[in-house]
Structure formats: C-alpha cells, structure tokens
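Have a look at the structure below before the remarks.
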Ligand SMILES: Nc1nc2c(ncn2[C@@H]2O[C@H](COP(=O)(O)OP(=O)(O)OP(=O)(O)O)[C@@H](O)[C@H]2O)c(=O)[nH]1
Ligand SMILES: [Mg+2]
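Here it is, written out as structure tokens:
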C-alpha cells in the first residue's frame with residue numbers, strides 16, 4: 110500500500126476530485142477551486158464527486174459506502190489519484206487508499222505540490238521543503254531513505270534534493286523511516302531560514318523610511334501583472350495559480366515627487382495550509398511591514414466575493430487585519446458578469462476599477478495612492494548645525510525639502526516627511542524640531 114504514496118506529484122495523472130461538505134456547514138461544495146488547483150498542478154480531471162455528509166466518519170471521512178462508490182469510480186474512469194478538497198488525517202488517507210487501491214491526496218498536499226513546483230528562490234524552496242516535511246511527514250511511510258545521502262552531504266544540496274520529498278525520485282529504495290533524520294533536517298531548515306530572515310529584517314530596516322505598499326490578493330488575481338505594468342519589473346506572470354512564490358519589491362513613482370516601494374506577494378488561497386502560512390512568514394513579512402496594502406480582486410472570477418473573504422482571513426491570520434487597504438477591482442476588461450462588478454463596486458465604494466493588462470484606470474490608482482501617501486506626511490521645521498551632515502542627508506533621502514536657510518552657525522530646514530520617520534529623525538538630535 111505504501112507504494113501508492115511514493116510520489117505525491119499529480120502531473121499528468123488522471124484525478125477524481127472529491128468534496129465532502131457537512132450538511133449544516135455554510136461552505137459551498139462546488140469544486141471550481143479544487144479543479145483550478147488540480148489543473149495548476151498538471152493533473153487531468155477525470156471525474157468529480159461531491160457529497161453532502163451528515164458527519165465526518167473518523168476512519169474514512171466519507172461514509173464507508175461512499176468510499177466504496179469511489180473505488181468503483183476509480184475503475185470506471187481509470188484514475189491514478191483521488192484528490193480531496195478536505196484535509197484528511199494520516200489514518201483516513203491510509204484507510205481510503207486501502208478501500209480504493211488508489212493514491213489519495215488531500216487539499217493541503219495538493220497545494221504543497223504546486224508550491225514545490227513553483228518555488229524559485231532558495232528561500233521559497235526551503236520554505237516549501239519545511240512545510241512539506243512538517244505536513245506530509247506524518248502522512249507518509251518509508252519515503253525518507255534518500256534523506257540519508259542528503260544529511261551525509263551536510264545538507265548542502267538539500268534544497269533541491271529535499272524538494273523531492275513526497276514529490277520526486279523516491280522510488281529507488283524503500284528503507285525504514287529514520288525519524289531522527291527527518292527531525293534533524295527540519296532543525297537545519299529552520300536554522301537556515303532564520304538566517305535568511307535575519308538578513309531580510311536588516312534589508313527591511315534599511316528601507317524603513319520609505320512608504321511601503323504591498324500587493325495582496327487571491328492567487329491569479331493579477332498582482333504580478335499590476336506590479337509589472339506599474340513599474341516595468343519583469344516579474345513572472347502566468348495564468349496559473351501561485352505563479353509567484355517569492356516576494357519582489359520595486360521602486361514606484363505614482364506621482365511626481367512621490368516615491369514608494371511596491372511589493373508583490375505569493376497568492377492567497379482559501380484554507381492555505383497552516384504549515385505554509387507559518388513557513389512563509391518571511392515572505393509575508395513584507396505584508397506585515399507595509400504602510401498600505403493594495404488588495405487586487407479579480408472581478409472576472411465568479412468566485413470573487415469568496416476570494417475576498419479568504420484573503421481577509423489570511424490577512425487576519427498574519428496580523429494585518431487593521432492595516433489600511435486600498436481595494437482594486439482588476440480585469441474589468443474581461444468582466445463577464447456585469448452584475449458582480451456592480452455588486453463589488455457597491456460593497457467597496459472606495460475601490461478603484463482597473464485593468465492591469467490594458468492599463469485602464471491606472472491613472473486613478475496612481476492618484477489615490479499618492480493621496481494616501483501624502484496623507485501620512487507632515488510638515489516639519491528643524492534647526493541643525495551647519496556641520497549636521499547626517500541630518501541633512503537623512504532629509505535629502507527621506508523627505509521633500511521645501512525651504513532651507515543658512516546662518517553663520519546653523520541651518521533651518523522646512524520639509525515634508527512621513528510621519529513614521531519622526532522617531533528616526535529625532536534620534537539624530539537636531540537642535541530643534543517642530544511640526545507645522
Ligand atoms: N484580461 C486581463 N487579464 C489579466 C489582467 N491582469 C492579469 N491578468 C491575467 O491574469 C493571469 C494572472 O496574472 P498574475 O499577474 O500572474 O496573477 P497573480 O495575482 O500575480 O497570481 P499569483 O502569483 O499566482 O498569486 C495572467 O494570465 C494575466 O495575464 C487584466 O487586467 N485583464
Ligand atoms: Mg504573481
């Protein structure tokens with residue numbers, strides 16, 4: 110039986126999608142999103158199986174009768190894999206595989222599979238490795254033999270090799286699990302990620318003066334496209350889920366004299382696996398540190414309303430529920446249901462309607478962002494000694510100087526500056542500092 114789960118890749122595999130929803134729950138049981146996820150991972154959807162259930166069967170999630178019905182469908186559709194929209198316990202997976210004689214994946218494993226394929230930078234790869242180890246580990250047996258050689262090599266090439274856990278190249282040997290080895294690898298990964306984290310914190314500190322904006326939104330909403338259109342950043346754009354797995358940050362001038370940093374993020378998704386949220390903390394750090402979030406909403410997607418809720422749920426989870434948000438209704442060029450666009454415009458009256466692709470509405474977006482950024486600006490007057498080079502260079506970098514007067518011993522400067530920069534300015538100890 111263990112052989113079934115030698116690889117959790119679903120690329121080119123024929124999949125049966127299953128959604129089991131409690132009869133009482135408000136959650137919809139439609140399989141649109143799971144279909145998108147499965148297709149994104151490269152699976153071919155052979156059949157869909159939706160079930161309202163009265164209660165979760167602890168052994169098989171679905172009732173046993175339904176599980177047996179699934180076994181029949183596997184034969185009928187010649188399926189290689191069954192993918193559940195639900196998260197299953199290791200025991201449920203084992204039991205379902207026993208009944209259906211087919212590999213069973215749950216929703217989190219599917220998402221992890223997509224993330225593993227998409228991760229580009231070392232940080233993203235390490236994050237996915239860690240999430241996979243932590244999530245998949247209890248769900249797998251006898252798949253860890255190849256970690257031997259990785260650990261033996263000091264873990265130097267681990268990112269690539271361990272990216273294969275549950276995904277690639279595991280068929281060759283079947284040795285007993287070495288729990289200590291996996292535990293050790295998890296510790297190594299965490300240490301390495303912590304190092305990267307520390308470096309990033311330094312980078313972020315260095316940019317503390319500048320107004321920071323983070324693009325957030327459901328996967329495929331058009332965040333990377335918007336970043337590209339606004340800044341010519343050349344960020345990877347693809348009509349797939351989770352195209353972006355690394356944060357990208359670019360300078361952007363939404364208006365003359367206004368400079369901000371604009372960051373792209375990984376797409377959000379309903380019920381993002383908990384392990385992924387935890388290990389992607391560093392990537393989402395950009396979001397946590399932002400002064401403003403731009404929430405990109407795909408209005409051409411009939412699921413837009415639900416996607417907004419999902420994004421808000423993730424934002425709350427990472428502690429960003431209170432951040433200022435500018436909502437952006439994207440893809441207005443291909444809206445199929447005008448009703449949905451109108452509903453969203455009514456629900457979010459401050460939202461800007463745009464097309465990141467055709468640049469429609471971007472001028473209004475620029476103006477709004479500049480207004481918001483200026484709104485957090487204050488005007489100050491300060492005095493410093495003529496030799497106060499540090500203060501002056503700080504102001505030249507981070508403020509807009511509107512007046513500068515020199516006397517024999519000191520200089521008086523008036524400038525507009527971000528409110529959040531005042532403490533940094535004060536720490537440079539000007540002779541006097543007042544807000545106007
Ligand atoms: N028609 C149209 N298509 C758009 C628009 N904006 C983005 N797209 C398309 O939508 C798809 C997804 O765009 P991305 O920019 O990769 O989306 P994303 O939000 O960065 O996605 P993830 O990185 O997966 O989270 C691409 O095929 C884009 O070309 C738009 O305004 N109009
Ligand atoms: Mg993207």
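Numbering (the numbering used here), first residue to last: 110 to 545. Built from N, CA and C at the ideal position, the CB exists for glycine as well.
Let me know if residue 526 comes out buried or exposed under the rule of 16 or more other beta-carbons within 10 Å of its beta-carbon.
-> In the chain shown, residue 526 corresponds to position 417, counting from 1. When all chains shown are included, residue 526 counts as buried.
Given a threshold of 16 other Cβ atoms within 10 Å of its Cβ, counted over all protein chains shown, does residue 297 qualify as buried or as exposed?
-> For the purposes of this step, residue 297 is taken as residue 188 along the chain shown, with counting starting at 1. By the C-beta density criterion, residue 297 is buried, having at least 16 other C-beta atoms within 10 angstroms.
Mind checking whether the beta-carbon of residue 328 lies closer than 7 Å to any heavy atom of ligand 1?
-> Position 219 of the chain shown holds residue 328. Shortest gap from the CB of residue 328 to any heavy atom of ligand 1: under 7 Å.
How many Å lie between residue 185 and residue 155 at the Cα?
-> Counting from one through the chain shown, the residue named residue 185 turns up at place 76. Counting from one through the chain shown, the residue named residue 155 turns up at place 46. Their backbone Cα atoms lie some 10 Å apart in a straight line.
Residue range of the alpha helix (DSSP H) that residue 478 falls in?
-> Start at 1 with the first residue of the chain shown, and residue 478 comes out as number 369. Looking at the DSSP string, the run of the alpha helix (DSSP H) that includes residue 478 is 471-484.
Does DSSP put residue 68 in a helix, in a strand, or in coil?
-> Absent from the model: residue 68. The displayed extent of the chain is 110 to 545, so no value can be given.
Short Cβ contact (8 Å threshold) for residue 478 with residue 435 = As a position in the chain shown, residue 478 is number 369, starting the count at 1. As a position in the chain shown, residue 435 is number 326, starting the count at 1. Contact flag set, yes.
Output the distance between the C-alpha atoms of residue 253 and residue 376, rounded to the nearest integer angstrom.
-> The residue labelled residue 253 in the question sits at position 144 within the chain shown. The residue labelled residue 376 in the question sits at position 267 within the chain shown. Its pLDDT being 41, under 50, residue 253 is placed unreliably by the model, and the measurement read from it follows with that caveat. Cα-Cα distance, rounded: 30 Å.
Alpha carbon to alpha carbon, what distance is there between residue 167 and residue 201?
-> Residue numbering aside, residue 201 sits at position 92 when the chain shown is read from its first letter. Residue numbering aside, residue 167 sits at position 58 when the chain shown is read from its first letter. Inter-residue distance for residue 201 and residue 167 is about 7 Å (C-alpha atoms, whole angstroms).
Going by the C-beta, is residue 465 closer than 7 Å to any heavy atom of ligand 1?
-> Along the chain shown, read from residue 1 onward, the residue named residue 465 stands at position 356. Residue 465 Cβ: within cutoff of ligand 1.
Give the single residue among 492, 503, 508 and 531 whose Cα lies nearest to the Cα of residue 516.
-> One-based indexing of the chain shown puts residue 516 at position 407. Here the closest residue by C-alpha is 492.
Identify every residue that forms a DSSP beta bridge with residue 157.
-> The residue labelled residue 157 in the question sits at position 48 within the chain shown. Answer is 126, bridged to residue 157.
Ligand 2 heavy atom lying under 7 Å from the CB of residue 373 | On the chain shown, residue 373 is found 264 positions in, with the first residue counted as 1. Result yes, Cβ under 7 Å from ligand 2.
Around the Cβ of residue 419, are there at least 16 other Cβ atoms within 10 angstroms (buried) or fewer (exposed)?
-> Sequence index remark: in the chain shown, residue 419 carries index 310 (1-based). Buried, since its Cβ has 16 or more Cβ neighbours within 10 Å.
With residue 234 as the anchor, note down where its alpha helix (DSSP H) starts and where it stops.
-> On the chain shown, residue 234 is found 125 positions in, with the first residue counted as 1. For residue 234, the uninterrupted alpha helix (DSSP H) segment begins and ends at 231-245.
Expressed to the nearest angstrom, what Euclidean distance is found between the alpha-carbon atoms of residue 290 and residue 206?
-> The count along the chain shown starts at 1 and reaches residue 290 at position 181. The count along the chain shown starts at 1 and reaches residue 206 at position 97. Computed Cα separation, rounded: 27 Å.
Cα-Cα separation, residue 372 to residue 457 | For the purposes of this step, residue 372 is taken as the residue at position 263 of the chain shown. For the purposes of this step, residue 457 is taken as the residue at position 348 of the chain shown. Separation of residue 372 and residue 457 (C-alpha to C-alpha, rounded to the nearest whole angstrom) is 23 Å.
Would you call residue 243 buried or exposed, if buried means 16 or more other Cβ atoms sit within 10 Å of its Cβ?
-> Here residue 243 corresponds to residue number 134 of the chain shown, with the count starting at 1. Classification for residue 243: buried.
Distance cut-off 7 Å: residue 333 Cβ against heavy atoms of ligand 1 | Working through the chain shown from its first residue, we reach residue 333 at position 224. For residue 333, the Cβ falls inside the 7 Å cut-off from some heavy atom of ligand 1.
How would you label residue 241, buried or exposed, when you count the other beta carbons within 10 angstroms and need 16 or more for buried?
-> Translated into positions along the chain shown, residue 241 becomes position 132. Residue 241 comes out buried.
With burial defined as no fewer than 16 other Cβ atoms inside 10 Å of the residue's Cβ, what is the status of residue 382: buried or exposed?
-> Reading the chain shown from its first residue, position 273 is the one you call residue 382. In the assembly as shown, residue 382 is a buried residue. Its beta-carbon has 16 or more other beta-carbons within 10 Å.
Less than 7 Å between the CB of residue 376 and some heavy atom of ligand 2, yes or no?
-> Along the chain shown, one-based indexing puts residue 376 at 267. A heavy atom of ligand 2 is found nearer than 7 Å to the CB of residue 376.
State the DSSP-derived secondary structure class of residue 198, mapped to helix, strand or coil.
-> Counting from 1 along the chain shown, the entry for residue 198 is found at position 89. Annotated three-state conformation of residue 198 is coil, per DSSP.
Any chance the CB of residue 130 is under 7 Å from a heavy atom of ligand 1?
-> Along the chain shown, one-based indexing puts residue 130 at 21. No, ligand 1 has no heavy atom inside 7 Å of this Cβ.
What is the DSSP secondary structure of residue 539, reduced to helix, strand or coil?
-> In the chain shown, the residue the question calls residue 539 occupies position 430. The answer is coil: DSSP assigns residue 539 none of H, G, I, E or B.
Please decide whether residue 152 counts as near chain B, where near means a Cβ-Cβ distance under 8 Å.
-> The chain labelled as chain B is not found in the depicted structure, where only one protein chain is given.
Assign residue 510 to buried or exposed, taking buried as 16 or more other Cβ atoms, counted over all protein chains shown, within 10 Å of its Cβ.
-> For the purposes of this step, residue 510 is taken as residue 401 along the chain shown, with counting starting at 1. The residue in question, residue 510, is exposed, as its Cβ has fewer than 16 Cβ neighbours within 10 Å.
With a threshold of 7 Å, establish whether the CB of residue 440 neighbours any heavy atom of ligand 1.
-> Here residue 440 is taken as the residue at index 331 of the chain shown, counted from 1. For residue 440, the Cβ falls inside the 7 Å cut-off from some heavy atom of ligand 1.
Figure out for me which residue from 118, 466, 380 and 519 has the closest Cα to the Cα of residue 153.
-> The sequence position of residue 153 within the chain shown is 44, counting from 1. Checked all of 118, 466, 380 and 519; the closest Cα to residue 153 is 118.
Alpha-carbon to alpha-carbon, residue 408 and residue 124 = Counting from 1 along the chain shown, the entry for residue 124 is found at position 15. Counting from 1 along the chain shown, the entry for residue 408 is found at position 299. If you draw a straight line from the Cα of residue 124 to the Cα of residue 408, it comes to about 29 Å.
Taking only heavy atoms of ligand 1 into account, decide whether any of them is closer than 7 Å to the Cβ of residue 325.
-> For the purposes of this step, residue 325 is taken as residue 216 along the chain shown, with counting starting at 1. Not under cutoff, so the answer is no.
CB residue 524 to CB residue 489, shorter than 8 Å?
-> Within the chain shown, residue 524 is the residue found at index 415, counting from 1. Within the chain shown, residue 489 is the residue found at index 380, counting from 1. In contact: residue 524 and residue 489 (Cβ atoms closer than 8 Å).
Among residues of its own chain, excluding the 5 on either side of residue 122, which ones have a beta-carbon nearer than 6 Å to its beta-carbon?
-> Residue 122 sits at position 13 when you count from the first residue of the chain shown. Listed in chain order, the non-local C-beta contacts of residue 122 below 6 Å within the same chain comprise 152, 189 and 190, local neighbours out to five positions each way being set aside.
How is the alpha helix (DSSP H) around residue 220 delimited, first residue to last?
-> For the purposes of this step, residue 220 is identified with residue 111 of the chain shown, where counting begins at 1. DSSP places residue 220 inside the alpha helix (DSSP H), whose first and last residues are 216-227.
Under the three-state reduction of DSSP, which class applies to residue 526: helix, strand or coil?
-> By one-based count along the chain shown, residue 526 stands at place 417. Strand at residue 526.
Looking at the unbroken beta strand (DSSP E) that takes in residue 434, where does it start and where does it end?
-> Looking up residue 434 in the chain shown gives position 325. Counting along the chain, the beta strand (DSSP E) containing residue 434 begins and ends at 434-439.
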